[in-house]
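In our numbering, the protein residues as written are 1 to 109.
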């Protein structure tokens, strides 16, 4: 059960990758779910920039942290392969969303 709970940030990362507006320009439900989460975080932080930074940097960072933890603690060879794939996906998305953040924050300044 504990390992399943540690996969939640990876599932959030998959949702973020699938619902990001530049990826899902044709899928209205996924864009609406992204906009609802951004709207909720905007109300919580009172800033749209902080909400987007939390989404684009926080979710990939949590996913990278938890997938790395699972990868390092696992003894089973087959599960190590699964965790290494999730770790690589998390690292790649962290880098991609980091670049999007840098470009986006550069436009605000």
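For glycine and all other residues, C-beta sits at the position ideal for the given N, C-alpha and C.
All figures in this text were calculated on a predicted structure; none of them were measured in a lab.
Less than 8 angstroms between the beta carbons of residue 97 and residue 62, yes or no?
Not a contact, by the Cβ cut-off of 8 angstroms.
Check whether the Cβ atoms of residue 90 and residue 5 sit closer than 8 angstroms, and answer yes or no.
No, Cβ-Cβ distance for residue 90 and residue 5 is not below 8 angstroms.
To which residues of the same chain is residue 70 closer than 7 angstroms at the C-beta, ignoring the five residues directly before and after it?
3, 6, 83
Whose CA, out of 87, 92, 15, lies closest to the CA of residue 65?
That would be 87, whose Cα lies nearest to the Cα of residue 65.
Which runs of the alpha helix (DSSP H) spanning at least 4 residues fall entirely within the region 21–55, listed in chain order?
DSSP runs (the alpha helix (DSSP H)) wholly in the region 21–55: 28–45, 48–53.
Starting from the C-beta of residue 45, find all residues in its chain whose C-beta is less than 6 angstroms away, skip the five residues before and the five after it, and write them out in chain order.
51
Hey, would you say residue 59 sits closer than 8 angstroms to residue 102, going by beta carbons?
no
Where does residue 7 sit, in a helix, a strand or coil, going by DSSP?
coil
Can you give the Cα-Cα distance for residue 49 and residue 11, rounded to whole angstroms?
If you take the alpha carbons of residue 49 and residue 11, they lie about 23 angstroms apart.
If I measure Cβ to Cβ from residue 42 and keep anything under 6 angstroms in the same chain, skipping five residues before and after, which residues do I get?
48, 51
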